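These protein sequence lines map, in sequence, to chains C and A. So in my numbering the end of the first sequence lands on 811, straight run, no missing numbers. So in my numbering the end of the second sequence lands on 295, straight run, no missing numbers. By construction, the Cβ of each residue, glycine as well, lies at the ideal position given by its N, Cα and C atoms. As the structure is a computational prediction, the values presented were derived from the model and not from experiment.
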Amino acid sequence: MTRLLRWSWRDLRARWVQVVAIAFIVALGSGTYSGLSSTSAWRRLSYDASYRQLRVDDIHVTLSDGSFVDAATLAAAARSIPQPGRIRAAQPRLLVPTQVDASTANRTILVPGRIVGAPIVGGAAGVDLQAAKAGRVLRAGDSSAPTATIDYHFAHHFALPAAGSVTVSGNHRLAYVGQVLQPEYFVITGNQGNLLAEADYAVLFTSLAQAQSLAGRPGAANELVVAVAPGADVPRVEQDLRTTLEARFPDVGVKVQARRADRDYRSLYDDIANDQRFYDIFAILILAAAAFAAFNLTGRMVEAQRREIGIGMALGVPPRRLAVRPLLAGVEIAVLGVVLGIGMGALLGYLMGSVLRGFVPLPVWRLPFQAGTFARGAALGLLIPIAATIYPVWRAVRVAPVDAIRTGALTARGRVPLLARIPLPGRTTEQLPFRNLLRAPRRTVTTVLGIAAAITVLIGVVGMTDSFFATIDRADQELLKSSPRRLSVDLASFVPVASATVTGIRQSPVVAGSATDLRLGGTLRNGTAHVDTLLQLIDLRHGIWTPTIEHARPAGGLPGIVISAKAAHDLGTSPGGVVTLRHPQRTGVTSYRYVQSKVRVIGITPLPTRYVAFMDLRSASIMGLTGITNTMVVVPRSGVSTGAAERALFGQPGVASVQPVQGYTDSVRHELARILDILLIVEGAVLLLALLIAFNSASINADERARDHATMFAFGLPVPRVIRMAVTESAVMGVLGTALGVVLGWLLLGWLISDLLPRAYPDLGIVSHIAPRTLATAAGVGVLAVAMAPLLTIRKLRAMDIPSTLRVVE
Amino acid sequence: MRNQKLRGAARAQEGDALGEAGTAGAGPGPHRDVIALDSVSRSYTVGGGTVTALTDVSLRIASGELVVILGPSGSGKSTLLNLIGALDVPTSGTITIAGRRIDGASRADLFRYRRESVSFVFQTFNLFPTLTALENVEFGAEVAGGRDRDRARRALVDVGLADRLHHFPGQLSGGEQQRVAIARALVTGNPILLADEPTGELDFHTGVQILGLLGEHAAAGRTVVVVTHNREIARAADRVVELSSGRVVADGPPPGGPTDVRELRW
Numbered sequence: 002m003t004r005l006l007r008w009s010w011r012d013l014r015a016r017w018v019q020v021v022a023i024a025f026i027v028a029l030g031s032g033t034y035s036g037l038s039s040t041s042a043w044r045r046l047s048y049d050a051s052y053r054q055l056r057v058d059d060i061h062v063t064l065s066d067g068s069f070v071d072a073a074t075l076a077a078a079a080r081s082i083p084q085p086g087r088i089r090a091a092q093p094r095l096l097v098p099t100q101v102d103a104s105t106a107n108r109t110i111l112v113p114g115r116i117v118g119a120p121i122v123g124g125a126a127g128v129d130l131q132a133a134k135a136g137r138v139l140r141a142g143d144s145s146a147p148t149a150t151i152d153y154h155f156a157h158h159f160a161l162p163a164a165g166s167v168t169v170s171g172n173h174r175l176a177y178v179g180q181v182l183q184p185e186y187f188v189i190t191g192n193q194g195n196l197l198a199e200a201d202y203a204v205l206f207t208s209l210a211q212a213q214s215l216a217g218r219p220g221a222a223n224e225l226v227v228a229v230a231p232g233a234d235v236p237r238v239e240q241d242l243r244t245t246l247e248a249r250f251p252d253v254g255v256k257v258q259a260r261r262a263d264r265d266y267r268s269l270y271d272d273i274a275n276d277q278r279f280y281d282i283f284a285i286l287i288l289a290a291a292a293f294a295a296f297n298l299t300g301r302m303v304e305a306q307r308r309e310i311g312i313g314m315a316l317g318v319p320p321r322r323l324a325v326r327p328l329l330a331g332v333e334i335a336v337l338g339v340v341l342g343i344g345m346g347a348l349l350g351y352l353m354g355s356v357l358r359g360f361v362p363l364p365v366w367r368l369p370f371q372a373g374t375f376a377r378g379a380a381l382g383l384l385i386p387i388a389a390t391i392y393p394v395w396r397a398v399r400v401a402p403v404d405a406i407r408t409g410a411l412t413a414r415g416r417v418p419l420l421a422r423i424p425l426p427g428r429t430t431e432q433l434p435f436r437n438l439l440r441a442p443r444r445t446v447t448t449v450l451g452i453a454a455a456i457t458v459l460i461g462v463v464g465m466t467d468s469f470f471a472t473i474d475r476a477d478q479e480l481l482k483s484s485p486r487r488l489s490v491d492l493a494s495f496v497p498v499a500s501a502t503v504t505g506i507r508q509s510p511v512v513a514g515s516a517t518d519l520r521l522g523g524t525l526r527n528g529t530a531h532v533d534t535l536l537q538l539i540d541l542r543h544g545i546w547t548p549t550i551e552h553a554r555p556a557g558g559l560p561g562i563v564i565s566a567k568a569a570h571d572l573g574t575s576p577g578g579v580v581t582l583r584h585p586q587r588t589g590v591t592s593y594r595y596v597q598s599k600v601r602v603i604g605i606t607p608l609p610t611r612y613v614a615f616m617d618l619r620s621a622s623i624m625g626l627t628g629i630t631n632t633m634v635v636v637p638r639s640g641v642s643t644g645a646a647e648r649a650l651f652g653q654p655g656v657a658s659v660q661p662v663q664g665y666t667d668s669v670r671h672e673l674a675r676i677l678d679i680l681l682i683v684e685g686a687v688l689l690l691a692l693l694i695a696f697n698s699a700s701i702n703a704d705e706r707a708r709d710h711a712t713m714f715a716f717g718l719p720v721p722r723v724i725r726m727a728v729t730e731s732a733v734m735g736v737l738g739t740a741l742g743v744v745l746g747w748l749l750l751g752w753l754i755s756d757l758l759p760r761a762y763p764d765l766g767i768v769s770h771i772a773p774r775t776l777a778t779a780a781g782v783g784v785l786a787v788a789m790a791p792l793l794t795i796r797k798l799r800a801m802d803i804p805s806t807l808r809v810v811e
Numbered sequence: 030m031r032n033q034k035l036r037g038a039a040r041a042q043e044g045d046a047l048g049e050a051g052t053a054g055a056g057p058g059p060h061r062d063v064i065a066l067d068s069v070s071r072s073y074t075v076g077g078g079t080v081t082a083l084t085d086v087s088l089r090i091a092s093g094e095l096v097v098i099l100g101p102s103g104s105g106k107s108t109l110l111n112l113i114g115a116l117d118v119p120t121s122g123t124i125t126i127a128g129r130r131i132d133g134a135s136r137a138d139l140f141r142y143r144r145e146s147v148s149f150v151f152q153t154f155n156l157f158p159t160l161t162a163l164e165n166v167e168f169g170a171e172v173a174g175g176r177d178r179d180r181a182r183r184a185l186v187d188v189g190l191a192d193r194l195h196h197f198p199g200q201l202s203g204g205e206q207q208r209v210a211i212a213r214a215l216v217t218g219n220p221i222l223l224a225d226e227p228t229g230e231l232d233f234h235t236g237v238q239i240l241g242l243l244g245e246h247a248a249a250g251r252t253v254v255v256v257t258h259n260r261e262i263a264r265a266a267d268r269v270v271e272l273s274s275g276r277v278v279a280d281g282p283p284p285g286g287p288t289d290v291r292e293l294r295w
């Protein structure tokens, strides 16, 4: 065995460059799997620990838009459920939409946001506690003064100081004493449901009393968070709460939802499984590329040992013993790859850990070494090269000894006669690269597949970002098709269209035109399918901006609704279909209940977000909101910048927030731009992978064709001409691999977008798109880089001992 | 007798061939010497020691000569052929081919020299397996600067392979492959043909055919240098240079003069 080991080790040393190249490919595959998969465990551990540490609520009660009830009454009602001991804590809260001015001396920072007012209760009795990333959390004494803490995401994004002050709607100055993380806001969603909104959405946490004071609603609340006692059945408590609160507040719409059903909470955990599937796919693709490369090399090594195997067979050595030596080579390559892969996985894990901590700031991040994951990665890395070795070895030991020993067997021409029948123009030296592709067709196919696997990864990963950007571009195109300078002005409450608040805005010197609209939350149902929606009631005929309505259908006597294609798909309906809309209906000045109305889908909006829906303002009657508004669209006067108009309107009484429609997608774009850095790493890794595969193949070809090259040199053909032939051959493989990779990548992207992304981003109807830049990168990596791989063999060719090589007989 | 006649015809044409060599040649020796080696030695470093393959070899070969370099294994005959073919460079001494010194020439010049002056026939044929017989021969023509399919075809017809033009090497017998290799070498039009054990892989009859071909082309004015360890083959040469342990131990016509290849036996 020692002799065999030493022998196979010599075999490897003779081809050490190719062996290292394959080991790196294996390492990329197993390292990618181990490094990326470790993050899944880290995320789960860290989310659990962070939620536990900050005592996240179990049940979340939200009143319908515009509804307020007495805070003490709401808390008491919650505690009046049967077996109230099942509730550990019940906190009424007041959520107030606002505008936050956090401008510094050098920068204007004016964004919409939210004030979260809650009783300041720490320790075991607390719910949804805060963790300070800078400064401190609120204390009981902070209730008496306009003091807050500010969400870390926003503060960190704008590099705000640990403590300072901001101005909120109504021109109230609010001091903040720390930058905090709060479990409901581990992921920031904007006021229009937009994800990744930390750049343009600010959350301020203050005492309930201060929030009531700022909103001018003493004693009021519009939310309740509940923590159940250990061992209590959460769904049962949720149901009892719903029953109790609906009975206690019959005129108010009450939405009771378990935290585990909350979109943001769920998305964090669901993302782990979704991302793991991504990682699995990419690791499998890279490992497949490694398998093809290993197959090529071991095939070549076995071919080179053909005569020795034949001699062994002639001497009566059993085939299984002859197979051990080449199989050992596969094992040694695998072991080297796995060892390198552990290092690569650890490095990737470290990098991903840093990225994750930056991307999802949590109070607790736990990143222990994932031995099990690394063991699985190592097993995959071991298995694949060994499996790739078996077939060539099996073939080699099945050849008759007389054939194995015979010299000149390497004049094998593969499938060349097929190509020879096709008349190709040019000299023989120009035809040789094409003939050589069919000389070892199996190697050509495996090389092409390896390159295709790398390009598939590239198209899959980068194509997702392209698709996100294309989706955002599509949204921008629709939103900015007319009046691109318009502002969306959210009012602090529902007010009559003739109210002083509305008149004040209309008559503002910065305003050229305006429209009063309504914006309400609701739910669309069709059978068992349901979709949460942000309903916008606007003048669909003469509004300042009206949505494009595709596949328009008449309303046919019912209120008409325009929904997104994604909503139509998820609801299983289409234009002309009738669905049920659960929406608020005004029952008093500050009370709204939920009712259901049948509405007809009168068309599809090209906006990609599922929750967006439009109705004509005339349908406000079904909500009891005729002549009432809670949001306005304003066009700034000519010569007045949107920023100036924003600032001017921010000071108007009754205005909660002002947001230019142009900035609607900016935050998502900004956050996606952060991913581009990661994509550069992916592109680099794919480039390396494609280059390694191509180099491996070029190197094997150079090795196998050494005698041909020596003959060419003997006839005076210069090295550059020989290299040019190899480059042409590689380029053809690159073109084939890239073309196949683009097609497979496109299919993979289609699957990711139709199957995987909807789980991660259920509210987004993402369009599959591959940007020209991505195709150019794929061509650059798959064709140019691959074509250049033979240049790495120049030194070997130049140093060739021509006389000795001419005599090589394998 | 045909061989003898061809050789006679070659002598008659010698004046033209010498004239060409004379135009090109300005080096040592008379103008008729196409190949001139002066005090050439070649040694190699192997495993820390030095192995001398050739020692102080001086040799002159005229245009149109069929010279056999004879010697046992390890005598240095292949090294000598490689030096003449510019596949290797001498450790010391000078090599002049057609009036041009090739020892110490640049890499690019050596490649050009091989394209323009010499052609090789190898023991193991070294045909390109993915090219047909005709394409292999075309390769030779193209490398030498011309691309003439008809010439390549004629070259194959001349070596008796008119019906095997579109066969791949793997579909040809050893003798046929060697004839393709000879056609490939001849189609270059280069004045010197170097053959390293051209019959080593062939049976007797095929070997005789190949030697006949080489003799014909020597007779037609081409300088042919054949390396072999087969003393019988040397009998067909104009001149035999015998090597032993890297030194020339004999140089002259075979005993009894050149023999018709049909009378050879081995």
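Measure the Cβ-Cβ separation of V70 of chain C and V253 of chain C and say whether it is below 8 Å. As a working note, residue 70 of chain C is residue 69 in the first sequence. As a working note, residue 253 of chain C is residue 252 in the first sequence. Yes. Within cutoff.
List, in order along the chain, the chain C residues whose C-beta lies closer than 7 Å to that of G169 of chain A? Walking along the second sequence from the start, residue 169 of chain A turns up at place 140. Simply F716.
Quick check: the Cα distance between L194 of chain A and R774 of chain C, rounded to an integer number of angstroms? Numbered from its first residue, the second sequence carries residue 194 of chain A at position 165. Numbered from its first residue, the first sequence carries residue 774 of chain C at position 773. Between the alpha carbons of L194 of chain A and R774 of chain C lies a distance of about 49 Å.
Is it right to say A50 of chain A is buried, meaning 16 or more other beta carbons lie within 10 angstroms of its own, or is it exposed? The sequence position of residue 50 of chain A within the second sequence is 21, counting from 1. With a pLDDT of only 32 at A50 of chain A, under 50, the local geometry of the prediction cannot be trusted, and the value read off the model is given with reservation. By the 10 Å Cβ count, A50 of chain A comes out buried.
Can you confirm whether the stretch 454-461 of chain C touches the stretch 734-754 of chain C when touching is taken to mean that 3 or more C-beta pairs between the two stretches lie within less than 8 Å? The stretch 734-754 of chain C, when compared against the stretch 454-461 of chain C, does touch it at the 8 Å Cβ threshold.
In the DSSP assignment, what residue or residues form a beta bridge with D533 of chain C? In the first sequence, the residue the question calls residue 533 of chain C occupies position 532. BP columns for D533 of chain C point to C:T524.
Report the option in C:A125, C:A103, C:H173 and C:R140 whose CA atom is closest to the CA atom of H157 of chain C. Within the first sequence, residue 157 of chain C is the residue found at index 156, counting from 1. When only C-alpha atoms are compared, the closest one is C:A103.
Mapping DSSP to helix, strand and coil, what is Y153 of chain C? Residue numbering aside, residue 153 of chain C sits at position 152 when the first sequence is read from its first letter. Here Y153 of chain C sits in helix by DSSP.
Contact set between the stretch 430-442 of chain C and chain A, restricted to residues whose Cβ is under 8 Å from the partner: Correct list: T430, Q432, L433, R436, N437, L439 and R440.
At the 8 Å Cβ level, is I724 of chain C part of the contact set with chain A, yes or no? What you label residue 724 of chain C is simply residue 723 of the first sequence in a count that begins at 1. So, not an interface residue.
So with Cβ pairs under 8 Å, would you call G236 of chain A a contact of chain C? In the second sequence, the residue the question calls residue 236 of chain A occupies position 207. No - not a single Cβ of chain C is within 8 Å of the one on G236 of chain A.
CB contact check: P282 of chain A to chain C, cutoff 8 Å: For the purposes of this step, residue 282 of chain A is taken as residue 253 along the second sequence, with counting starting at 1. Not closer than 8 Å to any Cβ of chain C, the Cβ of P282 of chain A fails to qualify, so no.
How do the stretch 436-454 of chain C and the stretch 724-738 of chain C stand: do at least 3 beta-carbon pairs fall below 8 Å, yes or no? Counting C-beta pairs closer than 8 Å gives three or more between the stretch 436-454 of chain C and the stretch 724-738 of chain C, which meets the contact rule.
Which residues bound the alpha helix (DSSP H) around M616 of chain C? Stepping through the first sequence from its first residue, residue 616 of chain C is reached at position 615. DSSP places M616 of chain C outside any alpha helix (DSSP H); the residue lies instead in the beta strand (DSSP E), whose first and last residues are V613 to D617.
Determine, using beta-carbon pairs with one atom in the stretch 606-615 of chain C and one in the stretch 458-478 of chain C, whether at least three such pairs fall under 8 Å. As far as the Cβ criterion goes, the stretch 606-615 of chain C touches the stretch 458-478 of chain C, which means the pair count is three or higher.
Note down, in chain order, every chain A residue with its Cβ under 7 Å from the Cβ of I754 of chain C. Mapped onto the first sequence, residue 754 of chain C falls at position 753. Near I754 of chain C there are no residues of chain A at all, since even the closest Cβ is about 44 Å away, more than 7 Å.
Beta carbon of V662 of chain C, beta carbon of L480 of chain C: below 8 Å? By one-based count along the first sequence, residue 662 of chain C stands at place 661. By one-based count along the first sequence, residue 480 of chain C stands at place 479. Against a cut-off of 8 Å, the Cβ pair of L480 of chain C and V662 of chain C comes out as a contact.
Simplified DSSP state of Y593 of chain C, which is helix, strand or coil: Your numbering for residue 593 of chain C matches position 592 in the first sequence. Looking at Y593 of chain C - three-state DSSP - the assignment turns out to be strand.
Nearest to T81 of chain A by alpha carbon, out of A:L139, A:G105 and A:G285? Here the question's residue 81 of chain A lines up with position 52 in the second sequence. Of the candidates A:L139, A:G105 and A:G285, the residue whose Cα lies closest to the Cα of T81 of chain A is A:G105.
Rounded to the nearest angstrom, what separates L66 of chain A and A170 of chain A at their Cα positions? By one-based count along the second sequence, residue 66 of chain A stands at place 37. By one-based count along the second sequence, residue 170 of chain A stands at place 141. Their Cα atoms are separated by approximately 28 Å.
For chain A, is any of its Cβ atoms less than 8 Å away from the one on P607 of chain C? Here residue 607 of chain C refers to the residue found at position 606 of the first sequence. No - not a single Cβ of chain A is within 8 Å of the one on P607 of chain C.
Under 8 Å Cβ-Cβ, which residues of chain C neighbour G114 of chain A? Stepping through the second sequence from its first residue, residue 114 of chain A is reached at position 85. Within chain C, the residues near G114 of chain A are A715.
Quick check on the DSSP output: the alpha helix (DSSP H) that includes R326 of chain C runs from which residue to which? Here residue 326 of chain C corresponds to residue number 325 of the first sequence, with the count starting at 1. Residues P320 to F360.
Proximity to A691 of chain C [Cα-Cα], best of C:I771, C:A761, C:S268 and C:V782: Indexing the first sequence from 1 puts residue 691 of chain C at position 690. The candidate whose alpha carbon is nearest that of A691 of chain C is C:V782.
Rounded straight-line distance, which links the Cα of V20 of chain C to that of L298 of chain C: Residue 298 of chain C sits at position 297 when you count from the first residue of the first sequence. Residue 20 of chain C sits at position 19 when you count from the first residue of the first sequence. CA-to-CA, the gap between L298 of chain C and V20 of chain C works out to about 8 Å.
Here's the rule I'm using: 16 or more other beta-carbon atoms within 10 Å means buried, otherwise exposed. How should G142 of chain C be labelled? Within the first sequence, residue 142 of chain C is the residue found at index 141, counting from 1. Label assigned to G142 of chain C: exposed.
What are the residues that DSSP puts in a beta bridge with V768 of chain C? Stepping through the first sequence from its first residue, residue 768 of chain C is reached at position 767. V768 of chain C is not bridged to any residue.
Fully enclosed by the stretch 204-255 of chain A, which alpha helix (DSSP H) runs are 4 residues long or longer? Listed in chain order, the complete alpha helix (DSSP H) runs (minimum 4 residues) inside the stretch 204-255 of chain A are 233-248.
Quick test of the definition: if touching needs 3 or more C-beta pairs under 8 Å, does the stretch 265-279 of chain C touch the stretch 364-373 of chain C? The stretch 265-279 of chain C vs the stretch 364-373 of chain C: no contact.
Any idea what DSSP makes of H195 of chain A, helix, strand or coil? To locate residue 195 of chain A, count along the second sequence from 1; it is residue 166. In the displayed model, H195 of chain A falls within coil according to three-state DSSP, outside both helix and strand.
In chain order, what residues of the stretch 370-397 of chain C put their CB closer than 8 Å to some CB of chain A? Those would be none; no residue qualifies.
Judging by CA-CA distance, which residue of C:L95, C:R80 and C:R94 is the nearest neighbour of I88 of chain C? Stepping through the first sequence from its first residue, residue 88 of chain C is reached at position 87. For I88 of chain C, the closest C-alpha among the options C:L95, C:R80 and C:R94 is that of C:R80.
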